[in-house]
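Enquirer: Residue numbers for the sequence shown follow my numbering, beginning at 571 and rising by one. The beta carbon of each residue, even a glycine, is placed where N, CA and C say it ideally should be.
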Amino acid sequence: MLDSAIVQPAAAPVRDADLANAIRALAMDAVEAAKSGHPGMPMGMAEIAVALWTRHLRHNPANPRWADRDRFVLSNGHGSMLQYALLHLSGYDLPIDELRRFRQLGSRTPGHPEVGMTPGVETTTGPLGQGLANGVGMALAERLLAATFNRPGHTIVDHYTYVFAGDGCLMEGISHEACSLAGTLRLGKLIVLYDDNGISIDGPTSGWFTDDTPKRFESYGWDVISVDGHDVDAIDAAIAEAKAECDRPTLIACKTVIGKGAPTKAGTADTHGAALGEREVAATRAALGWTEPPFSIPQSIRDAWSALARGGAVEAEWSARFANYATVFPELGAEFTRRIDARLPAEFDALATQFIAAQAQKAETVATRKASQQTINAYAALLPEMIGGSADLTGSVFTNWSGTKAVTGDAPGNYVNYGVREFAMAAIANGLALHGGFIPYVGTFLTFSDYMRNAVRMAALMKLRAVFVFTHDSIGLGEDGPTHQSIEHAASLRLIPQLDVWRPCDTVETAVAWKHALERSDGASALLLTRQNVAFSVREPSALAAVERGGYVLADFGGSDRARRAVIIATGSEVPLALRAREALAGENIAVRVVSMPCTQLFDRQDAGYRHGVLPREVPRLAVEAGATEGWRKYVGAVDDPSGAVVGIDRYGESAPAPALFEHFGFTAENVAQTVRTLLTAGTR
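(1) Would P634 pass as a contact of L846 if the rule is Cβ separation under 8 angstroms?
(2) Between which residues of its own chain and A810 is the CB-CB distance below 7 angstroms, once the five residues before and five after are set aside?
(3) What residues are listed by DSSP as bridge partners for F734?
(4) Quick one: residues in its chain with C-beta nearer than 6 angstroms to the C-beta of Y1021, no 5 flanking neighbours on either side, listed in chain order?
(5) Pop quiz: A539 and L1069 are said to be a contact at Cβ under 8 angstroms. What is the actual Cβ separation, rounded to whole angstroms?
(6) Counting only the same chain and skipping the five closest in sequence on each side, list residues whose C-beta sits under 7 angstroms from that of A981.
(7) Tell me the rounded alpha-carbon separation between L821 and E887.
(8) Contact criterion: CB-CB distance below 8 angstroms. Does L659 meet it with respect to chain B?
(9) Can you tell me whether R913 is buried or exposed, with buried defined as 16 or more other CB within 10 angstroms of its CB?
(10) For the candidate residues T907, M1167, E815, L1099, whose alpha-carbon lies nearest to that of V1117?
(11) Distance check for S1107 and L757, CA to CA, integer angstroms please.
(12) Distance check for Y985 and E747, CA to CA, integer angstroms please.
(13) Drop a sphere of 10 angstroms on the beta-carbon of Q924, count the other beta-carbons inside from all chains shown, and report buried for 16 or more, exposed for fewer.
(14) Less than 8 angstroms between C-beta atoms, sequence neighbours within five positions excluded: which residues of the same chain meet that for M571?
(15) What are the boundary residues of the beta strand (DSSP E) that includes S1095?
(16) Starting from the N-terminal side, write out each stretch of the alpha helix (DSSP H) that is 4 residues or longer and does not extend beyond the region 886-919.
(17) So, for A711: in the same chain, excluding its five sequence neighbours on each side, which residues have a beta-carbon less than 8 angstroms away from its beta-carbon?
(18) Can you have a look at C749 and say buried or exposed, based on whether 16 or more other CB atoms are within 10 angstroms of its CB?
(19) Could you give the residue range of the beta strand (DSSP E) that holds I809?
(20) Tell me which same chain residues have a C-beta within less than 7 angstroms of the C-beta of G738, skipping the five on either side of it?
(21) Do three or more CB pairs link the region 619-627 to the region 645-663 at distances below 8 angstroms?
(22) Secondary structure at A844, three-state DSSP: helix, strand or coil?
(23) Compute the beta-carbon to beta-carbon distance between F865 and D599, rounded to the nearest angstrom, for a pair I have assumed lies under 8 angstroms.
(24) Going by C-alpha to C-alpha distance, which of A1156, G736, P1186, I1139 sits closest to V1164?
(25) Nearest to T945 by alpha carbon, out of A1087, A814, D1126?
(26) Can you find the residues in the same chain that come closer than 7 angstroms, C-beta to C-beta, to A575, ignoring five residues on each side of it along the sequence?
(27) Is V1117 helix, strand or coil by DSSP?
(28) Let me make sure I understand the geometry here. Which of R855, R1247, H1234 has the alpha-carbon closest to that of L1192?
(29) Decide if Q931 is buried, meaning its Cβ has at least 16 other Cβ atoms within 10 Å, or exposed.
(30) Identify the residues that DSSP records as bridge partners of C824: which are they?
(31) Under 8 angstroms: do the region 686-694 and the region 874-891 share three or more Cβ pairs, one atom per stretch?
(32) Any idea which residues DSSP pairs G1218 with across the strands?
(33) Enumerate in chain order the residues of its own chain whose CB-to-CB distance from T754 is below 7 angstroms, with the five nearest sequence positions on each side excluded.
(34) Going by beta carbon distance, what residues of the same chain come within less than 7 angstroms of P683, once the five residues before and after it are set aside?
(35) Kindly indicate which three-state DSSP category N1000 falls into: helix, strand or coil?
(36) Can the beta-carbon of A1061 be found less than 8 angstroms from the beta-carbon of E1200?
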């Protein structure tokens, strides 16, 4: 007789509702523990997340940097707990304790997703609309890499960019700029899932956002699908339909209820940006039938969410394909790996060094915007990862070069005509950099950096290798007048942490600035360039290497040991002015050192010995720059310090030819020389 066995009841299958409710529970619990956060969006988008992350998203939690993964962007980044819940449940290195520490100091679950802090986060989001624009850049990067590297029978670049976006993202003007361009470029692998819940912080959006969003996106050239955002099967089908649309990006408008599941707060602004409260959380658990304690997920649901096995399988299949590809096309395989690893070619340093030396020999007098174009022409020939562009100002900012080929909806290239879309241009460039395989550089007039500023800030915050080319950098713009003449912009950009701001004085400094920006791997760079020609500054050969220190002695003290001494610090077009003033003072037994300081941030990172050697403490100092004066006080002393002064401009400009403006505002060799005399006289009282 056979031993009888106890028959265990079969485990109930895990339902989509269980998967969605796990997200809701984690979002409620984390926000409640922090007493801070946005539970409504994660609760409302839970079914959308289930459809995408369990049925479509190709990713490997064990390797968040796998090259051919699908990109996921949470543009409505205030709902960060949705992404943290998804990363935790699908198997990324984000343990439950990190969710318990949501929004706490030192946690890997900050208030908004931050790239480089949390594995699986592709971009830092929070400023609404920018994640969506980043997604446009990522989709563009995928298309251009595919065109460069894929070969018949050998496809190594083939992934989608998925963006979650909310009403706030679509209200922001940047969404209009970015999505219009995405339609024009026919980015068919960009799929945006829109959380259409009709609620923002101030309440129902019917009072301030009544756009016909589907028609708006149709007018951009997008495919538009509308679905019930709580029907997993319908969302699944919509994503499949979007993936089949090759020539147009797709907007999937998902009608949802913010805070779904909360008995008294669902569908209201009360769930948007505050914890639900203990009583509402308990009631929500009861309404959902969720009996688990806080931060507890049943193993069966964890198993159903885990993407480790299928993610490992899809990456392994790709790795085998890539190994075969690299065997058949070894040079392409090596180049793809180099670009994805963000390594410059081994020859670049020698090429750049040689080019800089050649510029020193030529000693050309040109506008620094022209010097920039010459440098791009030299460097881009070796760096196919450089992808340029401008905001409808190519003929003025000179961001094109001899090898420029425009990207269109029908053809790949290495140059994007962004149109008059400065903000989106910068954020799309950030997306290109985030995706990998590219070094984006974009250009416009310096005064329009105001339009771009938050995206430039995000590039610096994320430590992206992106280059922002700003020309027409001062009153030297001339007749266009104060609306276009930059006064405060250089000082303002210098306040952004981790952004290196270069204002080079000639062809040599411009070439060095570009070299440093391209080699830099820990932050973005901005180049501030002149419209007008600037005289070449002759320097000793030994000074070439010092340019890369951000500030250096361009012309040293002359005269006898008994001569009175002063230091003039200058940047850009004012460096030749400082040199002429130095010559004028030499005959008066006044020995002047001219320090060119093209990048104050880089100079500030030098050791104290070097900095004090360049700017000796006991010597009076004068800074000269055609812009706001306040930022130079750290180098010359306070306003009432008799040993330091600034020749600058703290008011708006005028409409007139540039030479007349420079004289009118005191940017003459005589005025600079007289200011030095005044400093020395004050110092002897």
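Expert: Taking the definition as stated:
(1) no
(2) none
(3) L644, L763
(4) E992, F993
(5) Residue 539 is absent from the structure shown; the chain starts at 571 and stops at 1255.
(6) none
(7) Those two C-alpha atoms are separated by around 30 angstroms.
(8) Protein chains in the displayed structure number just one, and chain B is not present.
(9) exposed
(10) Of the candidates T907, M1167, E815, L1099, the one whose C-alpha sits nearest the C-alpha of V1117 is M1167.
(11) When only Cα atoms are considered, L757 and S1107 end up about 46 angstroms apart.
(12) 18 angstroms
(13) exposed
(14) Caution is warranted here: a pLDDT of 39 is assigned to M571, below 50, making its placement in the model unreliable, and the coordinate value is therefore given only provisionally. Closer than 8 angstroms at Cβ, skipping near neighbours: no residue.
(15) 1094-1098
(16) 900-910
(17) G1001, L1002, H1005, G1006, G1007, F1008
(18) buried
(19) Premise fails: I809 lies in the alpha helix (DSSP H), 802-814, not in any beta strand (DSSP E).
(20) N646, L698, S770
(21) yes
(22) coil
(23) 5 angstroms
(24) Comparing alpha-carbon positions, the option among A1156, G736, P1186, I1139 lying closest to V1164 turns out to be I1139.
(25) A1087
(26) In this prediction, A575 scores a pLDDT of 47, lower than 50, which makes its location untrustworthy; the coordinate-derived value is nonetheless stated afterwards. Hits under 7 angstroms: none found.
(27) helix
(28) R1247
(29) exposed
(30) D765, V797.
(31) no
(32) Beta-bridge partners assigned by DSSP to G1218: none are found.
(33) G791, G979
(34) L644, G647, S650, Q653, V691, T694, T695
(35) helix
(36) yes
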